[in-house]
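>
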Amino acid sequence: MINAQKALSRFGPRATAIGLALLTLIPVVVVASAMLNPDQAIWDHLWRYVLPELLVNTFWLALGVGVGVTVLGTGLAWLTAACEFPGRAFFAWALLLPLALPAYVTAFVWIGLLDFTGVLPTWLRATWGIGALPIRSRGGVILIMVLALYPYVYLTARTAFQGQGRRLLEAAQTLGVSRWRAFFKIALPMARPGIVAGLSLALMETLADFGTVAVFNYNTFTTAIYKAWFSMFSLPAASQLATILVFFVLALVTLEQLSRNRRSYATSARGSGGAQRIRLRGTAATLATLCAALVFLLAFMVPMVQLLLWASHIVATDLDARYLAFAGHSLLLAALGAALVVSLALALGYAQRLYPTPAMQLTARLATIGYALPGAVLAVGFYVPVAALDNLLIDAWRSWTGQEIGQIFGGTLAVMLLAYCARFLAVGFGPVESGLARITRTMDEAAQVLGSTGLKRLSRVHLPLLRAPLLAAAALAFVDILKELPITLMTRPFGWDTLATRVFEMTAESEWERAALPAVAICLVGLLPIFLLVKHSDART
Numbered sequence: 000m001i002n003a004q005k006a007l008s009r010f011g012p013r014a015t016a017i018g019l020a021l022l023t024l025i026p027v028v029v030v031a032s033a034m035l036n037p038d039q040a041i042w043d044h045l046w047r048y049v050l051p052e053l054l055v056n057t058f059w060l061a062l063g064v065g066v067g068v069t070v071l072g073t074g075l076a077w078l079t080a081a082c083e084f085p086g087r088a089f090f091a092w093a094l095l096l097p098l099a100l101p102a103y104v105t106a107f108v109w110i111g112l113l114d115f116t117g118v119l120p121t122w123l124r125a126t127w128g129i130g131a132l133p134i135r136s137r138g139g140v141i142l143i144m145v146l147a148l149y150p151y152v153y154l155t156a157r158t159a160f161q162g163q164g165r166r167l168l169e170a171a172q173t174l175g176v177s178r179w180r181a182f183f184k185i186a187l188p189m190a191r192p193g194i195v196a197g198l199s200l201a202l203m204e205t206l207a208d209f210g211t212v213a214v215f216n217y218n219t220f221t222t223a224i225y226k227a228w229f230s231m232f233s234l235p236a237a238s239q240l241a242t243i244l245v246f247f248v249l250a251l252v253t254l255e256q257l258s259r260n261r262r263s264y265a266t267s268a269r270g271s272g273g274a275q276r277i278r279l280r281g282t283a284a285t286l287a288t289l290c291a292a293l294v295f296l297l298a299f300m301v302p303m304v305q306l307l308l309w310a311s312h313i314v315a316t317d318l319d320a321r322y323l324a325f326a327g328h329s330l331l332l333a334a335l336g337a338a339l340v341v342s343l344a345l346a347l348g349y350a351q352r353l354y355p356t357p358a359m360q361l362t363a364r365l366a367t368i369g370y371a372l373p374g375a376v377l378a379v380g381f382y383v384p385v386a387a388l389d390n391l392l393i394d395a396w397r398s399w400t401g402q403e404i405g406q407i408f409g410g411t412l413a414v415m416l417l418a419y420c421a422r423f424l425a426v427g428f429g430p431v432e433s434g435l436a437r438i439t440r441t442m443d444e445a446a447q448v449l450g451s452t453g454l455k456r457l458s459r460v461h462l463p464l465l466r467a468p469l470l471a472a473a474a475l476a477f478v479d480i481l482k483e484l485p486i487t488l489m490t491r492p493f494g495w496d497t498l499a500t501r502v503f504e505m506t507a508e509s510e511w512e513r514a515a516l517p518a519v520a521i522c523l524v525g526l527l528p529i530f531l532l533v534k535h536s537d538a539r540t
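According to numbering that gives the first Met the number 0, the stretch in the sequence shown is residues 0 to 540, in order.
Here it is in structure tokens:
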């Protein structure tokens with residue numbers, strides 16, 4: 000009996016980790032299996048009418064956003080990390096606030112402001128005779144996504160710049176190297192891993208985005224998957240489009256990993272803390288403040304103020320009992336999803352701590368790769384097997400009783416929660432993994448000597464020490480699920496509308512003011528992880 004318990008205690012963590020890896024791999028395999036039996040009629044239609052536009056649009060979108068977030072995020076990171084100018088302490092953390100605004104919210108605000116009937120175009124026509132501004136264009140969608148996603152590069156690049164030894168730059172200057180040349184020859188190459196990490200996150204979000212490109216009516220793979228599912232009523236077509244998108248994402252992940260492994264970058268933090276920032280004066284200081292202020296205004300302040308103004312106009316007539324249902328559904332899904340994500344992240348992190356082997360490291364990597372997969376892919380990948388299981392159960396019930404029944408699992412929250420867990424497990428795993436890493440092995444050994452092992456040690460020793468990381472993981476997962484659109488839109492039960500789907504429905508009808516009310520609620524809650532991020536960073540220093 001004792002040997003059986005020991006075997007179970009050893010196999011349990013490994014089985015949990017393998018199960019979580021399968022949770023991510025199953026939708027990928029399901030989607031990829033669509034290539035095994037391709038429908039020639041579907042492929043003829045896709046190649047003739049759909050894929051050429053999707054490939055061109057996706058290429059230019061990824062290229063434009065990649066260049067934009069790299070230049071903007073890296074430049075602002077260097078200014079706030081290495082330079083001193085008026086307002087630097089404020090902009091150091093304020094430039095992270097656009098993370099609280101979903102990209103699709105920023106998109107519909109700027110379209111509402113700059114479209115033909117917007118305030119600025121109306122004034123330009125009346126005053127100067129200028130026509131509509133070209134906001135509904137490829138350049139417009141790239142600009143909006145750059146404003147929404149640059150904080151990914153800003154955050155990782157700023158951390159990299161802050162971790163560099165300032166004496167290297169000072170030594171370069173004593174050798175006659177100018178500040179600009181020292182930046183390009185020393186600081187920028189040393190920060191390359193952080194910049195690439197932030198860039199990869201921004202590009203993954205770009206490939207996964209549905210709401211922003213839908214608002215702009217800019218066709219990409221995510222919008223095509225949605226149309227194939229809900230307009231053509233063709234799961235095979237949606238699956239085959241999702242397979243192509245998976246290939247793009249996996250190629251991006253592979254390139255990012257190769258970029259990390261190709262070189263090593265050594266930094267020295269010793270002596271860096273006492274070094275003074277480069278003090279900008281005169282025109283340089285003014286330009287630095289204006290650049291940071293302009294980005295902050297365009298990416299956060301103007302959209303947030305406009306949302307509040309629109310919401311104040313409509314709140315008296317539009318706020319009714321429906322919004323209690325929208326908010327209730329959103330909060331329930333976010334709470335359930337966050338609880339599942341944190342629980343699974345804790346189980347995965349603890350399994351990795353108990354068995355720090357290469358096989359376990361690979362399993363954890365596979366389990367958390369779901370964040371790189373677009374929500375539309377996960378929605379298709381989970382819905383197909385669930386629908387097949389439903390059909391089997393319905394057929395079995397019909398043959399057994401002669402009665403007809405409806406969907407069993409497909410019409411419930413099961414598919415949504417599975418997809419949420421696969422998509423956002425990495426969000427919860429990061430804080431949990433770093434929190435466990437700060438708990439020394441000597442504490443485990445002391446607990447074992449005192450008779451605390453297994454789950455008993457986890458509950459008595461680790462959980463109290465993991466309170467802050469678990470709260471951070473829960474907050475991040477909660478807000479990400481609250482903002483998530485394609486999974487919710489494509490797999491929700493009939494009539495199960497949320498704040499995010501309400502925003503999508505209103506923007507689809509160009510009802511900007513009515514979309515502002517649910518958008519404000521999402522954005523205000525979205526500020527929570529940003530404040531946690533600022534609190535646990537040195538951005539105010």
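From the three backbone atoms N, C-alpha and C, an ideal C-beta is built for every residue, glycine too. These numbers were taken from a predicted model, which means no experiment stands behind them.
Applying the criterion that 16 or more other CB atoms from any shown protein chain within 10 Å of the CB defines a buried residue, is Glu551 buried or exposed?
The requested residue 551 is not part of the displayed model; the chain covers only 0 to 540.
> Considering Ala395, what are the terminal residues of the alpha helix (DSSP H) in which it resides?
374-400
> Where does the unbroken alpha helix (DSSP H) through Trp309 begin, and where does it stop?
301-317
> Are the CB atoms of Pro101 and Leu484 within a distance shorter than 9 Å?
yes
> If we cut at 9 Å on Cβ distances, does Tyr217 have a partner in chain D?
In the structure shown, chain D does not exist; there is a single protein chain.
> If you run the structure through DSSP and keep just helix, strand and coil, what is Glu508?
coil
> Starting from the C-beta of Pro492, find all residues in its chain whose C-beta is less than 8 Å away, skip the five residues before and the five after it, and write them out in chain order.
Result list for Pro492: Gly410, Thr411, Leu412, in chain order.
> From the DSSP output, in three-state form, read off Tyr264 for me.
Any reading at Tyr264 must be qualified, since the residue scores a pLDDT of 49, below 50, and its modelled position is unreliable; no value is offered.
> Could you tell me the distance, in whole angstroms, from the CA atom of Val66 to the CA atom of Gly405?
49 Å
> Counting C-beta neighbours from all protein chains within 10 Å, is the total for Ser238 16 or more, i.e. buried, or is it exposed?
That one is buried.
> State yes or no: is the C-beta of His328 within less than 9 Å of the C-beta of Asp479?
no
> Pull the bridge partners of Ile277 from the DSSP assignment, please.
Bridge partners of Ile277: Cys82.
> Can you look up Thr411 in the DSSP assignment and give me helix, strand or coil?
coil
> When burial is assigned at 16 or more other CB atoms within 10 Å of the CB, is Leu146 buried or exposed?
Buried, by the Cβ-count rule.
> Looking only at its own chain, which residues have a Cβ that is under 8 Å from the Cβ of Ala31, when we skip the five neighbours before and after it?
Excluding residues within five positions, the ones whose Cβ falls inside 8 Å are Thr242, Val245.
> Grouping DSSP H, G and I as helix and E and B as strand, with all else coil, what is Ser136?
Coil.
> Quick check: the Cα distance between Leu154 and Leu470, rounded to an integer number of angstroms?
21 Å
> CB-CB under 6 Å to Leu54, same chain, minus the five flanking residues each way: which ones, in chain order?
Sequence-distant partners of Leu54 (beyond 5 residues in either direction) whose C-beta falls short of 6 Å from its own C-beta are missing from its chain.
> Below 8 Å on the Cβ atoms is my guess for Ile194 versus Ala159; work out the distance and round it to an integer in Å.
7 Å
> Check whether the segment 510-517 and the segment 300-319 are in contact - that is, three or more C-beta pairs closer than 8 Å.
yes
> Should Asp208 go down as buried or exposed, given a rule of 16 or more other Cβ atoms within 10 Å for buried?
buried
> Short of 7 Å in beta carbon distance, which residues of its chain neighbour Phe299, apart from the five on each side in sequence? Order them along the chain.
Leu96, Pro97, Leu100
> If I follow the unbroken alpha helix (DSSP H) through Ala298, where does it start and stop?
Here Ala298 belongs to no alpha helix (DSSP H), and DSSP marks it neither H nor E.
> Run the CB neighbour count on Phe423, radius 10 Å, all protein chains shown included, and call it buried at 16 or more, exposed below.
Phe423 is buried by the Cβ-count criterion.
> Let me know the secondary structure DSSP gives Gln406 once reduced to three states.
coil
> Touching or not, the segment 368-384 and the segment 18-29, by the rule of three or more beta carbon pairs under 8 Å?
Output reads yes: the segment 18-29 touches the segment 368-384.
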